[in-house]
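Peer 1:
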């Protein structure tokens, strides 16, 4: 399994946990203690930023590794050519 696939699986698992906590908190909030329900919502709200960090960790290295010429190839076209400074 490639590193990028592991990150993708970790992202999906974290976001599924986030959605699950929101659904459980909303569905069973009346039957659970208030503190537990609020803790579920707070944890669910904090998961997405960490999931984004996990999903993007090492993305630059993956892109450079996929380029057979390497990141400093002099023949590589400049993506900013033609863009004027404003």
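In the UniProt record's numbering, the protein residues as written are 1 to 86.
Every residue gets a Cβ at the ideal spot worked out from N, C-alpha and C, and that includes glycine.
1. Determine contact between the segment 1-15 and the segment 27-43, defined as no fewer than three beta-carbon pairs at a distance below 8 Å.
2. With a 10 Å radius around its C-beta and 16 neighbouring C-beta atoms as the bar for buried, classify residue 51 as buried or exposed.
3. For the segment 52-59 and the segment 3-22, state whether three or more C-beta atom pairs, one from each stretch, are separated by less than 8 Å.
4. Buried or exposed for residue 25, please, with buried defined as at least 16 other CB atoms from any protein chain shown within 10 angstroms of its CB.
5. My output table needs one value for residue 48: the three-state DSSP class, helix, strand or coil.
Peer 2: According to the data block:
1. no
2. One-based indexing of the chain shown puts residue 51 at position 51. That one is buried.
3. yes
4. As a first step, residue 25 must be located in the chain shown, where it is residue number 25. Residue 25 comes out buried.
5. As a working mapping, residue 48 is identified with position 48 in the chain shown. If DSSP states are grouped into helix, strand and coil, residue 48 belongs with the helices.
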